[in-house]
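Notes for the one structure printed next.
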Amino acid sequence: MRQAPRFRTAARALALLLALRPGLAAAAEPMPLRPELQIPLILKILTYDRHIESKAGEQVVVGIVYAPTDPSSVAAANEVGDVLFRFQDKTVKRLPIRYRLVEYSTPEALERTIDRWGISVLWVAPGSAKNLSGITSVSRRKGVTTTTGVPDYVRRGVAVGLDLGDARPQILIHLEAAREEGCEFDASLLRISIPVK
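Per this note's numbering, the sequence shown starts with residue 41, numbered consecutively.
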């Protein structure tokens, strides 16, 4: 679902304001792959989860969770939203794809947002390092698949991520996190992935 233009304008204005005031936010962690390369791969990876249809219901709703006080996080979230907007006529296992921008504040607020919008997948934006334990505690309790473009986040408990090695995308899967979030990835995906413990 496309965000209201006023929200997107306000979010970009906040990002610019914070960027002009050094010290208010730390630089976000790097993403080796740009969102326009990441998102198609992540959506393809989801098709290998044998439980995605039962977890998602009538549609796959991706929650783009970001740190609202980090300008890099806000910018990355908006970029991913722009890419997902272009994918709204595509499907994951015949389920339509929708998305929501989700400001992270507390685990309780995140859980309410997941329930409200029927979110079945979270994409965790850069700048979320200090929020990871809260995000993953909710994702495991709710059975929501976590994904990211920040490789270090997979090492810290996000289920699925992407890296770049030898100039080629690499799929990272945190096996324990994926299992605890209710994922069951097909062996054909696991064979071409890098397992993370």
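Cβ atoms here follow ideal geometry from the backbone N, Cα and C, with glycine treated the same way.
**Request:** Using the DSSP secondary-structure output, state which residues sit across from Phe-225 in a beta bridge.
**Result:** For the purposes of this step, residue 225 is taken as residue 185 along the sequence shown, with counting starting at 1. Under DSSP, Phe-225 shares a beta bridge with Asp-89.
**Request:** With a threshold of 16 other CB atoms inside 10 Å of the CB of Glu-98, please say whether the residue is buried or exposed.
**Result:** Here residue 98 refers to the residue found at position 58 of the sequence shown. Classification for Glu-98: exposed.
**Asked** Rounded to the nearest angstrom, how far is the Cβ of Gly-21 from that of Gly-183, given a contact under 8 Å?
**Response** No answer is possible for residue 21: it lies beyond the span of the chain, which begins at 41 and ends at 237.
**Prompt:** How is Gly-174 classed by DSSP in three states: helix, strand or coil?
**Reply:** If you number the sequence shown from 1, residue 174 lands on position 134. Of the three classes helix, strand and coil, the one that applies to Gly-174 here is helix, per DSSP.
**Request:** Compare the C-alpha of Phe-127 against each of Ala-116, Tyr-139, Asn-118 and name the closest.
**Result:** Numbered from 1 along the sequence shown, position 87 holds the residue referred to as residue 127. Checking every option, the nearest Cα to that of Phe-127 belongs to Tyr-139.
**Asked** How many Å lie between Pro-235 and Ile-82 at the Cα?
**Response** Counting from one through the sequence shown, the residue named residue 235 turns up at place 195. Counting from one through the sequence shown, the residue named residue 82 turns up at place 42. Going from the Cα of Pro-235 to the Cα of Ile-82 covers about 16 Å.
**Asked** Of all the options Thr-185, Asp-206, Ser-233, which has the alpha carbon lying nearest to the alpha carbon of Glu-220?
**Response** As a first step, residue 220 is located in the sequence shown; it is residue number 180 there, counting from the start. Answer by Cα proximity: Thr-185.
**Prompt:** Skipping 5 residues on each side, what residues in its chain have a beta carbon closer than 6 Å to that of Leu-135?
**Reply:** Start at 1 with the first residue of the sequence shown, and residue 135 comes out as number 95. For Leu-135, where only same-chain residues beyond five positions count, the Cβ hits under 6 Å are Ala-96, Gln-99, Val-100.
**Item:** Boundaries (first-last residue) of the beta strand (DSSP E) holding Ile-159
**Value:** Taking the first residue of the sequence shown as position 1, residue 159 is located at position 119. Ile-159 -> no beta strand (DSSP E), and no H or E assigned at all.
**Request:** Keeping to the same chain, check which residues put their C-beta closer than 6 Å to that of Ala-165; ignore five residues upstream and five downstream.
**Result:** Numbered from 1 along the sequence shown, position 125 holds the residue referred to as residue 165. The answer, listed in chain order, is Tyr-106, Ser-113, Ala-116, Ala-117.
**Message:** As an exercise, report each continuous alpha helix (DSSP H) stretch of at least 4 residues that is fully enclosed by the stretch 179-234, in chain order.
**Reply:** 191-195, 215-220, 227-231
**Message:** Can you give me the C-alpha to C-alpha distance between Ile-232 and Ile-154, rounded to a whole angstrom?
**Reply:** The sequence position of residue 232 within the sequence shown is 192, counting from 1. The sequence position of residue 154 within the sequence shown is 114, counting from 1. Those two C-alpha atoms are separated by around 30 Å.
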